[in-house]
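Reading through the structure tokens given below for one structure.
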Amino acid sequence: MNARIVAALGRPFLVAALLFGAATVRAASGSSAQPAMRSVVAGRCGSCHPAERAQHANSVHAGEEVRCVSCHGGDDRALDERSAHGAGFRGRISKAQEPQLCASCHSNESRMHAYDLPVDQLALYQLSGHGRRLAQGDTKVAVCSDCHGAHEIRRSDDPASSVFAANIPRTCGKCHGDEALMKSRRLPNAYALYETSVHAKQLHDKGNLGAPTCVSCHGTHGATPPQVGDIDKVCGRCHSAERRWYQAGPHREGMLAKGLAECSSCHRAHDVMPAETARLATQCIDCHAKDSAEARVGVKLDEQYRAAAAAVEKADERIAEAEDVPLRTDDYRSRMEVARTYLREALTAGHAVDVEMMATYAEKAHTVGDQVESEIEEKLGNIRLERILLIVFWFYVLATVHFLRRARDRAPRATE
Amino acid sequence: MTMENTTPARSLRDRMLDWLEQRVNLSELFSFLTHFLLLTVPLDTRKPLRELLRDLDRTALPAYATGRQLLGVLMALLFGLEAVTGLLLAFYYRPTPDAAHASTLSIVRDLPLGGLIHQLHAWGALLLVVVVGLRVVRLFWDGLHQAPRELSWVAAVFLLWVALQFDFTGRLLPWDANGYWSVVRGLEVIYGVPVIGPVLAFFVGGHTMSEDLLTRFYVLHVGLLPLLWLVGVYFTVATLRRVGLGSIAQMKPGSSTTTTLRRHRYDLGILLMLSFAVLATLAVLVPFRFSGAADPYTTPPDALPPWHLLGASALMQATPVPMWLTGGLVLLLGLAILTLPWWAARLGERFPAQRLRLAGAVTLGLWLALSVAGLFVGRS
Chain A
1 MNARIVAALG RPFLVAALLF GAATVRAASG SSAQPAMRSV VAGRCGSCHP AERAQHANSV
61 HAGEEVRCVS CHGGDDRALD ERSAHGAGFR GRISKAQEPQ LCASCHSNES RMHAYDLPVD
121 QLALYQLSGH GRRLAQGDTK VAVCSDCHGA HEIRRSDDPA SSVFAANIPR TCGKCHGDEA
181 LMKSRRLPNA YALYETSVHA KQLHDKGNLG APTCVSCHGT HGATPPQVGD IDKVCGRCHS
241 AERRWYQAGP HREGMLAKGL AECSSCHRAH DVMPAETARL ATQCIDCHAK DSAEARVGVK
301 LDEQYRAAAA AVEKADERIA EAEDVPLRTD DYRSRMEVAR TYLREALTAG HAVDVEMMAT
361 YAEKAHTVGD QVESEIEEKL GNIRLERILL IVFWFYVLAT VHFLRRARDR APRATE
Chain B
1001 MTMENTTPAR SLRDRMLDWL EQRVNLSELF SFLTHFLLLT VPLDTRKPLR ELLRDLDRTA
1061 LPAYATGRQL LGVLMALLFG LEAVTGLLLA FYYRPTPDAA HASTLSIVRD LPLGGLIHQL
1121 HAWGALLLVV VVGLRVVRLF WDGLHQAPRE LSWVAAVFLL WVALQFDFTG RLLPWDANGY
1181 WSVVRGLEVI YGVPVIGPVL AFFVGGHTMS EDLLTRFYVL HVGLLPLLWL VGVYFTVATL
1241 RRVGLGSIAQ MKPGSSTTTT LRRHRYDLGI LLMLSFAVLA TLAVLVPFRF SGAADPYTTP
1301 PDALPPWHLL GASALMQATP VPMWLTGGLV LLLGLAILTL PWWAARLGER FPAQRLRLAG
1361 AVTLGLWLAL SVAGLFVGRS
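Spelled out as structure tokens, the structure:
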């Protein structure tokens, strides 16, 4: 009797317990798309390491049969800790071992071929600043897991990944933003500097994932600072026109001879400033004497640019005025696009620090602006003529009214 | 008089008229046209046209162009000007949402005198509404709604309504931001009036602003409304021909209120010259500015209904009572104005003409104050 009651009461409990169990397994596997596959891969390690298991479930490895034991060794089918951590168990991976461990798969061309992944990461890493220091026994350097994460390794195009473009500055900044660590290495806080740069503004504020991050200039696995003589090549990968003009000018030879950094001497390295045209006149005195011929060139470049920009702006104002009338302005608008292109090119040509070269473009922009302005001025003048015509028209009207009145007064009046 | 037959131009004209007169009764045609003019003398259509006109030249008629009928004459002149400029604009205008703004812009910008014609049409429309409105006020002030002039009053109010519809439908046609949004704000007011609003919404195709509305407004503007206008003018003239002008009792031969058709034609010419010159001056010195193409997805923050709907807008949208109540009030006011001759006559002794004038002036003043208020509360 009692046993039957217990059985009757027990059945729903059993069902509830089973349901609860299923729910826990689901929760542990996170919001993943392929929970069944992952739960198989993770084995029984998660019973004691639930946090690591959940992280691993979100990783790219979970779907590719890279199990806990693949890195840590041991037996994930064992039922107790001793046999799980038994033969071949590696436990926590030390920093010195890590590159080789990851490379055991990632440098294996026959394994990586199917994923279309490169296999030169370890070779590059060993050439990098990080890798060379590690080889010297310095373990306070970045290894694979410092950038990619250990258990939760995601694809680089996954926005949640630590190596996704928008997250790279913060990932590098974990060390390169650590004031104490950087001071001990006599390095700048590159992360804090980068965050103030025009590049960071593009990346964070404008959401431009093509904007340069740390790795764009320093490289990824082979991360190393570009040396004097290479800086213009690195910047020139994006700013190709600026590099061309820079090479045509006198700065290239002079700066190389003195061992001065190319682009970054004026634009700064990590905290790259926006290209404000006003600096054409003020930047030179950072290196040259205030009243030197070189400083005067800068002032001259600035004057040329300002004059051309003012002419373009004035022409734009006239166009807006003409459109209010309205006059046809399509042609002027397209000519102003040409003028603006010249103006932009003038700024690029400024990297040659040659007044003649800058003038080629600045004067063209100036001329187009002036021409458009004078042509519109002429058309607007026709409208002012209308007002003068109006006065003449009123004379005509009043004269006609006068004659009509006289004719009316001559006509016979009503007789009846 | 003898000189008339001697100039070659005159004799050519006479010969052409003779030729026509033998083939069609010109007097009959002229007699038909006078149904839209204010000629009170009977015409003998058996006489040839020249003889008829010669007789008319000698008969006395009220000096409309210089007397109290000036507003009516101006109304006719301005409507003629709107018809001519409107016709010229219609040659190049394309009434589709895609092309309306571009075609208006090209009329204003690229056609010779296109800008002037457009400005004349816009300023003429504004002055037409003002003149027709003032005419209603003057008829009211002079008590010209009393029997037997009820029809003339109804026709005047009707003409004011048609002029406002011209103004309202014309606003949408350039499909520019200002016009478009003032129509949208105006429709919000009109749709809120009980009975009239829903019926109107049905006829223009629903409560929402659709692209078809442009076609409907164009057809109303160039087709139906001109016809209604002519009906209004016909009734104005027809009833006046029967019951006489308000000032006809004071008509004395030789006085300044009386003239001949010939002298009247000169007066009309002077009035036409002056009104055209004023319009042209306004068009050149204070041109209506053209805004960019209408964008139904961006409401400008300062969109206001047309100026003549500001009062109704203030009353209906800014008062804390339901819209049907204030809308009903507007509707009742409109009906009261239209039926003024009948209920004013019933008030009779207890409500003499002076008090009626005072009531009218107060109503108009209140309405103007509401319109000014609408400038501020109408903003979205």
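Protein chains in written order, with the working numbering: chain A, 1 to 416; chain B, 1001 to 1380. Every residue, glycine too, gets a C-beta built ideally from N, C-alpha and C. Note that the structure is a prediction, hence the values are computed from the model and not measured.
CA nearest to the CA of residue i, picked from the options
i: G86/A; options: S94/A, I93/A, R77/A; result: R77/A
i: L1070/B; options: V1136/B, A1125/B, T1059/B, T1085/B; result: V1136/B
i: Q121/A; options: S104/A, T213/A, I285/A; result: S104/A
i: N189/A; options: E373/A, D116/A, A269/A, H151/A; result: A269/A
i: Y70/A; options: L127/A, H151/A, A51/A; result: Strictly speaking, residue 70/A in this sequence is Ser, with Tyr absent from that position. S70/A has its Cα closest to that of H151/A, out of L127/A, H151/A, A51/A.
i: R154/A; options: L398/A, Q55/A, D230/A; result: Q55/A
i: S107/A; options: K95/A, Q126/A, G91/A, S94/A; result: Q126/A
i: T1169/B; options: Y1064/B, R1138/B, V1219/B; result: V1219/B
i: E377/A; options: V272/A, E321/A, L117/A; result: E321/A
i: A1100/B; options: L1172/B, V1162/B, W1153/B, A1156/B; result: L1172/B
i: G1327/B; options: P1305/B, V1183/B, L1033/B, P1194/B; result: P1194/B
i: Q1146/B; options: P1341/B, R1350/B, V1204/B; result: P1341/B
i: V372/A; options: M182/A, V312/A, R111/A; result: V312/A
i: K95/A; options: L347/A, K140/A, M273/A; result: K140/A
Residue-chain proximity (residue i, chain A), Cβ-Cβ < 7 Å
i: A1294/B; result: no
i: F1288/B; result: no
i: R1357/B; result: no
i: I1107/B; result: no
i: Y1180/B; result: no
i: V1402/B; result: In the structure as shown, chain B starts at 1001 and stops at 1380, and residue 1402/B therefore has no counterpart that could be examined.
i: L1266/B; result: One detail in the question is off: residue 1266/B reads as Tyr in this sequence, not Leu. Interface residue, yes.
i: A1277/B; result: yes
i: R1262/B; result: yes
i: I1270/B; result: yes
i: V1284/B; result: yes
i: M1273/B; result: yes
CB contact check: residue i to chain D, cutoff 7 Å
i: V401/A; result: Considering every chain present, this structure includes no chain D. Its protein chains are A and B.
Coarse secondary structure for residue i, derived from DSSP in three states
i: T360/A; result: helix
i: D1176/B; result: strand
i: A1303/B; result: coil
i: P1296/B; result: coil
i: W1367/B; result: helix
i: T1258/B; result: strand
i: S1275/B; result: helix
i: C48/A; result: coil
i: M1209/B; result: coil
i: N167/A; result: helix
i: A192/A; result: helix
i: V1286/B; result: coil
i: A1147/B; result: coil
i: F1351/B; result: coil
i: P1198/B; result: helix
i: L1225/B; result: helix
Any C-beta of chain B under 7 Å from that of residue i
i: R410/A; result: no
i: E386/A; result: yes
i: L404/A; result: yes
i: A407/A; result: yes
i: V297/A; result: no
i: V228/A; result: no
i: V397/A; result: yes
Segments of 3+ residues assigned as beta strand (DSSP E) that fall wholly inside the segment 78-152 of chain A
none
If contact means a Cβ-Cβ distance below 7 Å, which residues of the segment 245-276 of chain A contact chain B?
none
Extract the residue ranges of the alpha helix (DSSP H) inside the segment 287-325 of chain A, only unbroken runs of 4 or more that lie entirely within it.
293-324
Quick one, which residues of the segment 322-347 of chain A are near chain B if we go by CB-CB under 9 Å, in chain order?
D324, V325, P326, L327, R328
Length-filtered (4 minimum) alpha helix (DSSP H) runs lying within the segment 1021-1100 of chain B
1026-1033, 1049-1058, 1070-1090
Please give me, in chain order, every unbroken run of the alpha helix (DSSP H) with length at least 4 that falls completely inside the segment 206-237 of chain A.
214-218, 231-236
If the cut-off is 7 Å on Cβ atoms, which residues from the segment 1107-1133 of chain B count as contacting chain A, listed in chain order?
V1108, R1109, D1110
What ranges does the alpha helix (DSSP H) occupy inside the segment 328-416 of chain A, keeping only unbroken runs of at least 4 residues that lie completely in it?
330-349, 355-410
Using a Cβ cut-off of 7 Å, which residues of the segment 363-390 of chain A contact any Cβ in chain B, in chain order?
E386, R387, L390
If contact means a Cβ-Cβ distance below 8 Å, which residues of the segment 1316-1328 of chain B contact chain A?
none
Taking beta-carbon pairs under 7 Å, can you tell me which members of the segment 155-187 of chain A lie near chain B?
none
Give me the subset of the segment 92-113 of chain A whose CB atoms are less than 8 Å from a CB atom of chain B, sorted by chain position.
none
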